[in-house]
Amino acid sequence: MPTTANNPPLPSPPFYTHIPNINNLRLATHSLTTKDGLALRSNLLFRSAEVSKLDVEGWKKVKEIGVARVFDLRSRPEVDNGWAGIVGKHSSSKEEDVRPGWLQAMESAGVKRSWTPVFEESDYSPERLAERYSKYMEEDVRGFVEAYADILSNGGAAFGQILRYLAGRDGELEGSGQGALIHCTAGKDRTGIFFGILFDFLGVPRESIAQEYQLTELGLAHVREEVVGRLMTSQGFGKYMAAQASGSALSVEDIAKAVTAEKTGGAAEGSAIPPDILEKGRQAALRMVGARKESMLRSLNMLDERFGGAERYMREVCGLGDVELEGLRRNLLVSGVGA
Numbered sequence: 001m002p003t004t005a006n007n008p009p010l011p012s013p014p015f016y017t018h019i020p021n022i023n024n025l026r027l028a029t030h031s032l033t034t035k036d037g038l039a040l041r042s043n044l045l046f047r048s049a050e051v052s053k054l055d056v057e058g059w060k061k062v063k064e065i066g067v068a069r070v071f072d073l074r075s076r077p078e079v080d081n082g083w084a085g086i087v088g089k090h091s092s093s094k095e096e097d098v099r100p101g102w103l104q105a106m107e108s109a110g111v112k113r114s115w116t117p118v119f120e121e122s123d124y125s126p127e128r129l130a131e132r133y134s135k136y137m138e139e140d141v142r143g144f145v146e147a148y149a150d151i152l153s154n155g156g157a158a159f160g161q162i163l164r165y166l167a168g169r170d171g172e173l174e175g176s177g178q179g180a181l182i183h184c185t186a187g188k189d190r191t192g193i194f195f196g197i198l199f200d201f202l203g204v205p206r207e208s209i210a211q212e213y214q215l216t217e218l219g220l221a222h223v224r225e226e227v228v229g230r231l232m233t234s235q236g237f238g239k240y241m242a243a244q245a246s247g248s249a250l251s252v253e254d255i256a257k258a259v260t261a262e263k264t265g266g267a268a269e270g271s272a273i274p275p276d277i278l279e280k281g282r283q284a285a286l287r288m289v290g291a292r293k294e295s296m297l298r299s300l301n302m303l304d305e306r307f308g309g310a311e312r313y314m315r316e317v318c319g320l321g322d323v324e325l326e327g328l329r330r331n332l333l334v335s336g337v338g339a
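No gaps in the numbering here: position 151 of the sequence shown is 151 in the UniProt record's numbering, and each next residue is one more.
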């Protein structure tokens with residue numbers, strides 16, 4: 001996704017502003033400390049939005065900041081179709097597939113990739129997309145909390161693979177320049193809750209975790225209008241706004257039908273939407289691309305209530321044991337701020 005020049009420069013650090021064609025790229029651990037005063041190891045944990053627009057020179061710069069391994073949390077439709085995947089659109093031509101170019105560029109720069117999808121392709125059906133729409137459209141942050149609970153329920157295998165890398169079970173982190181870049185499509189939800197549970201496990205205060213999460217508001221500011229525009233023209237949102245106009249409730253089944261029609265090239269239904277309803281739709285779209293502190297704080301409370309906290313989640317859902325958990329603490333926590 002291209003960026004625009006109508007926004008103020010991003011703060012650097014934590015953002016890496018010298019690398020073009022990638023959004024929301026930042027050092028995830030910048031200025032974070034634990035409740036016990038320990039610092040998080042620098043130049044090891046990075047996060048971003050999708051990476052498919054980087055060329056070889058861009059990947060070389062990513063490697064220079066310390067990234068050796070990329071963990072891709074996206075589903076197959078998102079990988080195949082880039083940002084269009086978030087609204088269920090599929091490219092009709094194999095020539096539009098972005099995978100070969102950026103993967104070749106990544107490999108040429110000496111960066112490895114691990115595909116660790118939270119949701120497999122079968123979980124990215126119209127029904128699943130419809131559930132995402134209905135959750136993120138709510139004005140209250142409980143919609144995000146439910147969406148993040150869904151990610152946690154489905155993300156054990158994906159998150160476990162990343163955590164084992166960070167624990168250095170097989171010696172991957174020996175030496176410098178072995179950082180991990182974790183990303184999804186926007187670098188916001190799946191990526192955000194992953195770092196939420198990791199930082200919570202390490203003892204970072206939850207207010208600090210939520211503040212780091214909220215930095216995504218800045219990281220996506222340059223592309224927010226583009227994403228909102230894409231969502232507003234999707235049939236799922238068309239159904240939502242039509243239901244708002246008529247005063248009726250929009251069911252998950254209704255949204256699923258709209259997403260199915262969009263994926264198969266069906267025509268959109270409906271008539272002109274009143275301006276006030278268009279604005280409601282726009283606000284719903286903005287919520288979908290937002291990253292409010294309260295969403296993360298409430299989600300961490302949900303982590304306690306439903307999963308027994310970060311460590312229990314890592315043990316029971318991700319399958320980590322004592323060796324891996326101790327490895328995470330050993331590799332990620334250091335004495336002294338900025339170490």
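C-beta: ideal position from N, C-alpha, C; glycine also.
Residues near residue i in its chain [Cβ-Cβ closer than 6 Å; skip 5 each side]
i: S108; result: V56
i: K188; result: T216, A291
i: R190; result: L73, V118, I151, C184
i: A310; result: I197, D200, F201
i: G143; result: K135, Y136
i: V317; result: G156
Residue i classed as buried or exposed, judged by whether at least 16 other C-beta atoms fall within 10 angstroms
i: M288; result: buried
i: V51; result: buried
i: K135; result: buried
i: T185; result: buried
i: G308; result: exposed
i: K112; result: exposed
i: T17; result: exposed
i: residue 425; result: Outside the shown range of the chain, which is 1 to 339, sits residue 425, and nothing can be said about it.
i: T33; result: buried
i: residue 343; result: This structure gives no information on residue 343, because the portion of the chain shown stretches from 1 to 339.
i: P77; result: buried
i: P274; result: exposed
i: P8; result: exposed
i: S75; result: buried
i: E324; result: buried
i: E212; result: buried
i: N301; result: exposed
i: G238; result: buried
i: R330; result: exposed
i: R306; result: exposed
Member of the options whose CA lies at the smallest distance from the CA of residue i
i: K280; options: E225, E139, H30, S52; result: E139
i: A167; options: L44, N24, L297; result: L44
i: G110; options: R230, S234, P8, G179; result: G179
i: K35; options: V227, D80, F199, L286; result: F199
i: residue 364; options: S153, A157, A310, S114; result: For the chain, the structure presents residues 1 to 339; residue 364 sits outside this window and is missing.
i: F159; options: F195, L202, H30, P14; result: F195
i: A210; options: L297, L38, G155, V67; result: L297
i: G203; options: L332, A147, K60; result: L332
i: M106; options: E120, K60, G66, N81; result: K60
i: L278; options: S234, L303, E305, G327; result: S234
i: R206; options: R26, S299, G177, G319; result: S299
i: R41; options: H222, G177, N81; result: G177
Own chain, CB closer than 7 Å to residue i, minus 5 neighbours either side, in chain order
i: R224; result: V289
i: K94; result: For K94, the predicted structure reports a pLDDT of 43, less than 50, and the residue's modelled location is therefore unreliable. A value from the coordinates is still provided. Correct list: empty, nothing qualifies.
i: S208; result: L32
i: T116; result: F71, D72, L73, A158, Q161, I162
i: P20; result: G58
i: A28; result: L45, F46, R47, F195, E212
i: A147; result: R132, K135, Y136, D189
i: L286; result: V228
Endpoints, the beta strand (DSSP E) within which residue i is located
i: A68; result: 67-72
i: S48; result: 45-48
i: R113; result: 112-115
Unbroken alpha helix (DSSP H) run spanning residue i, endpoints
i: K230; result: For the record, residue 230 in the displayed sequence is Arg; it is not Lys. Residues 224-232.
i: N81; result: 76-81
i: K63; result: 56-64
Cβ-based neighbour list, residue i, same chain, cut-off 8 Å, excluding 5 preceding and 5 following
i: P11; result: L218
Point to revise | Inside the stretch 133-212 only - alpha helix (DSSP H) runs reaching at least 4 residues | key: 142-154, 156-167, 190-202
Exercise for review: Run through the stretch 275-330 for me and flag every whole alpha helix (DSSP H) of 4 or more residues, listed as ranges in chain order.
Suggested key: 275-288, 293-307, 310-316
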